[in-house]
Amino acid sequence: MKKTGIDLMVTFSLMLIIFLNMGLTSPEPLSFPMLFVSRQIPCCGSVYMSEAKALPGVGNFSKYQVAAPGYLCILQTNGKVDTLINGAKPALSSMFLIDVSAPSLSYDAKSIVFAGLVDGIYHKGNANQYDKEHNAWRIYTIDINGRNLKKITGLANIPGSDPVLDLSQFRLPSPNGPLAGYDDTDPIFLPDGRICFSSTRYPGFAMYNAGRSSNLFVVNSDGTDVHRITSEKNGADRPVVDPLTGKIVFARWWRNFYWPYDGMETVRSVQYPEGYLYKDGLTSDLNSVINGQTYMFNNNSFLLTEINPDGTDLKIFSMWFRDNSANGCYGGNFDLDGNFIGNWFPIEHVTESSGFGGIKKYFRNAINAPEGLLGTYSYGNLDYYKTNPTSYGIFKGEYAAEPYVLPDGKILVSIAPDPNQDYGIYLVDNKGKNREKIVDNPGTTELRAQLVMPRNLPPVIKDRNFSHANALPPKIQSNLFDEGKFIFDCRNIFFNAPVDHPAVSAPKIGEVESVRFFAAPQREQQHGSVEALDYPWLYDEIQVDEFGRVLNINSPAHLPLFEQARSSRASGYKIPRTGGGIMDGAAHVTGFNYGRPGEKVSCVGCHAGHSAIPIPQNAEDLLFTNLAPGARIRASSSMSNPGYVIDRKNKSSSNFWFTPEGISPEGQRLDLNWLVPIYVKKIRLYNIPDPNRLVVNECVLRLYEDSARINQIKEFIINQDLNPKGTELTLDNIIKIQGLQLEFKKVTGGIYHWNCASIGEIEVIASHISPDRFSEIEDCRGIVYGEFILDTCGRCLHPSDPEFNKCLTSSNTATEISNVKVFPNPANDHFIIQKLNREFDINFEIYGMTGRRMTKGRLDRSQTLIDIAEWPRGTYLLNLNNSQQSAVMRIIKL
């Protein structure tokens, strides 16, 4: 379009005032002015219903769709509407803008940042109807009074602001092919005054529907220093600042179409000879995935994710197990409790339609499943708006989008009654009820409402990583590390979160031997979203150490990466299954991750949802975890899968194991065994969540030394009702076991209409490593994999400490200290600590120079022999202390 029609050039303020005077707003005006945009209602809202209209600004389908003329407006408390940008009258004073999208206020409510489109000739349809974006959406700011309009991105005089890239490495069919140019949108002010926005500046194709990849960028408020902070393969959209932490929460497109495959054969694709059907334990054929679980691995939705403004500390914000539909979220705002009120759209990847959804509450750290509030927020009973053809993603009912939570908990939200998607702005309570109309101009869509009022400044997270990502991905595999490296540190790959925590369970103890690392940057083969092309580069394979740690110090920075675990060669070199009992997944990342140069990315478990699990700081908390999900389980009889007993879901589940009708619960058994011995610290037995339905009144738990359950070690008789929150069994000492049996003695109630045996969950807090070895991975402060070590003075310091190794006195050959004599020193196989004064109780610890504690004990006799035959040669520090003094002696192993 070049110019808008004269009929659309009516002053928008006058139009809205007319409607206001007709009583189409709330009878009680808002206490503050309201910022919003009013845009035309674009055509072509769905590929499945031609007559449906679009919601502009949503996903790859419509986030850059033209909805001109657009208006940037402020509704005053007296009902008057001020128009700051009038897209029907492009002029020099408005920088010839014809459309506006995604406005956001500064924290002092004095400035607005938004995406704008200048006058030009554009396609009006959605992204499915043309082969490239408009390459014209840019970021602007304007004062709240309509003055001082500034262009922030796309400035030719500022380096990096308006990049012109050499795209020859991609072998595009033409210089102006689908990766040429860029669009910017969804800007927000950061607490430090900078601006974060989403853009297609980093060239790449998403892994569905040939859409452009998007990433988050940060720019100064004067337009300088534009730099990328994410390295997504698919998309990073809709940034919002978390008011509690200062981190950026955004919609992250979670998809990886390099699917898991047990075999290692290499087979070329027939349809795409440059590509592959199978390679490196991956497949481009969805029907070939392990166990045929196409649904489990075909992820394709936007998930709420958080990141620091400098691009570090990437974590999931809220993910309820692996429920892609429930977790899907694309934009929104925080409520007063720090939870996220966001948009849910029926086609979660938002590439085949835009809108037709509702708003939901997504709980911080996923402490509960997301809750629907208003509009169409689930698939329900699949009551499609049309059939023959079916209007997939469009259901009967009204639609809601773009919520904004007010200081009193009420929500400003746009609501449309039907697929014409003519949205007006309403005020509802925090449950989505008791709506009041604020503004609704028939024939246009009113969106992105926000009160014009100062907000509390969130915490300012200062940048600690100042590296700037390259504008183009590497051309060949040997260039993978051109932008530096980061450290990937999975502290314990077998770690599990507590019962009912929404992270997916880890693979079984004893099933994981190594982890393979892949990089998947955009390359020259892919000109769309073809699974067989641009197969990822396998750049490393790391062995899982005996403590369960996977440490890769050579991960390429600023690139989309993913990992896949493998069993031992002896057991088939297969991908271990995950999920806990049900085993409905695999140790294969179904999305992507990345890191900044020099960053250390740490996790525990390191499977779906792992980044929401706090990382323990000591060995006991790191290695003692719930190992029940890694057991093999068998029931004496079953009406349902006994795996539900160890799936870590109790109150969060509607599926439970129970015995068939007609079989007495008395004497029914559950048998668990592990591939390797484990060291048990605690056991908890959970009744099903509803004790009015069924209660286990009496049961017996037996622990066995072996997996065949022959050598019984201990028996617990539980003569009390099991608690739905867990009944803990007290173990006097750590017990080494490999098998467990639970026998039911008395159960009242049932799952359906019959009395049966059932239990909500069995939790076994155990370690696969003997606690005697925990000190091997703790530094001298007791921090697991910490960096503090003993200096030559015997002080526990970080090597960067200026006082490190600065001693007032030094003695390498001393043999007597603190009423103790050590001999021989140096020593070969052993040395003896002799206590010279029997009146003192003396404790000792011996550390290596790296801070690893080798042994400890008490000098309770005159001479104590220390066996050092297996210790590496070198210098060790003997720490001695009693009630009155402490001292350090160097000892040398020859």
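Residue numbers (our numbering): 963 to 1856. No residue lacks a Cβ here, since even glycine has one placed at the ideal position from N, Cα and C.
- Collapsing the DSSP output to three states places L1037 in a strand.
- At a Cβ-Cβ threshold of 8 Å, A1029 and P1381 do not count as neighbours.
- For secondary structure counted as the beta strand (DSSP E) over 3 or more consecutive residues, the segment 1265-1295 holds these complete runs in sequence order: 1277-1280.
- In the three-state DSSP reduction, Y1666 falls in the strand class (E or B).
- Straight through space, the alpha carbons of D1128 and F1766 are spaced by roughly 50 Å.
- Within the segment 1494-1579, the runs of beta strand (DSSP E) that reach at least 3 residues and sit entirely inside it are, in chain order, 1499-1505, 1512-1518, 1523-1528, 1562-1565.
- In this structure, DSSP gives G1320 an extended state, which the three-state scheme calls strand.
- Close CB contacts of S1130 within its chain, under the 7 Å cut and outside five residues either way in sequence, are absent.
- Counting only runs of 3+ residues, the beta strand (DSSP E) found wholly inside the segment 1177-1252 occupies 1177-1181, 1197-1203, 1210-1216, 1238-1241, in chain order.
- Cβ-Cβ distances below 7 Å link L1248 to W1221, T1256, N1260 in the same chain, with the five nearest sequence neighbours on each side left out; the list follows chain order.
- Among the bridge pairs identified by DSSP, N1681 is matched with none.
- Here the segment 1402-1414 makes contact with the segment 996-1008; the two share three or more CB pairs at distances below 8 Å.
- Its chain contains C1158, P1271 as the residues whose beta carbon lies nearer than 6 Å to that of L1152, once the 5 sequence neighbours on both sides are disregarded; these appear in chain order.
- The C-beta separation of T1115 from V1062 comes to about 15 Å, leaving the pair out of contact by the 8 Å criterion.
- Non-local C-beta neighbours of W1215 in its own chain, meaning closer than 6 Å and more than five positions away in sequence, comprise N1196, G1197, F1264, ordered along the chain.
- Using a Cβ distance threshold of 8 Å, P1308 and G1355 count as a contacting pair.
- Under a 10 Å Cβ-count criterion, A1118 is classified as exposed, with fewer than 16 other Cβ atoms of the shown protein chains found around its own Cβ.
- Taking a C-beta distance under 8 Å as the contact criterion, D1242 and K1536 do not qualify as a contact pair.
- Look at Y1606 here: in three-state DSSP terms it is helix.
- G1386 places its beta carbon less than 8 Å from that of I1377.
- Per DSSP, L1821 is one residue of the beta strand (DSSP E) stretching across 1815-1821.
- In this structure, D1081 sits near F1058, with a CB-CB distance shorter than 8 Å.
- Looking at the backbone, the Cα of R1284 and that of P1639 are separated by about 30 Å.
- The way I'd put it, the segment 1660-1667 does touch the segment 1679-1693; three or more beta-carbon pairs between them come closer than 8 Å.
- S1376 carries a strand assignment under DSSP once its states are collapsed to helix, strand and coil.
- A direct Cα-Cα distance of roughly 52 Å separates I1794 from A1548.
- Out of P1435, E1525, D1451, the CA that lies nearest to the CA of Q1484 is found in P1435.
- The closest CA to that of R1852, considering only I1504, T1837, L1842, is found on T1837.
- Within the same chain, Cβ atoms closer than 7 Å to the Cβ of G1712 are found at L1656, C1718, the five residues on either side in sequence being excluded.
- Judged by DSSP secondary structure, F1023 falls within the alpha helix (DSSP H) whose first and last residues are 1021-1024.
- The beta carbons of W1099 and D1146 sit closer together than 8 Å.
- Y1641 and E1628 have their alpha carbons spaced roughly 29 Å apart.
- Taking a 10 Å sphere around the C-beta of N1514, we find 16 or more other C-beta atoms and assign the residue as buried.
- For the pair K1086 and P1004, the Cα-to-Cα distance works out to about 7 Å.
- A1142 sits in coil when the DSSP states are folded into three classes, being neither helix nor strand.
- Counting only the Cα atoms, T1186 lies some 22 Å from D1070.
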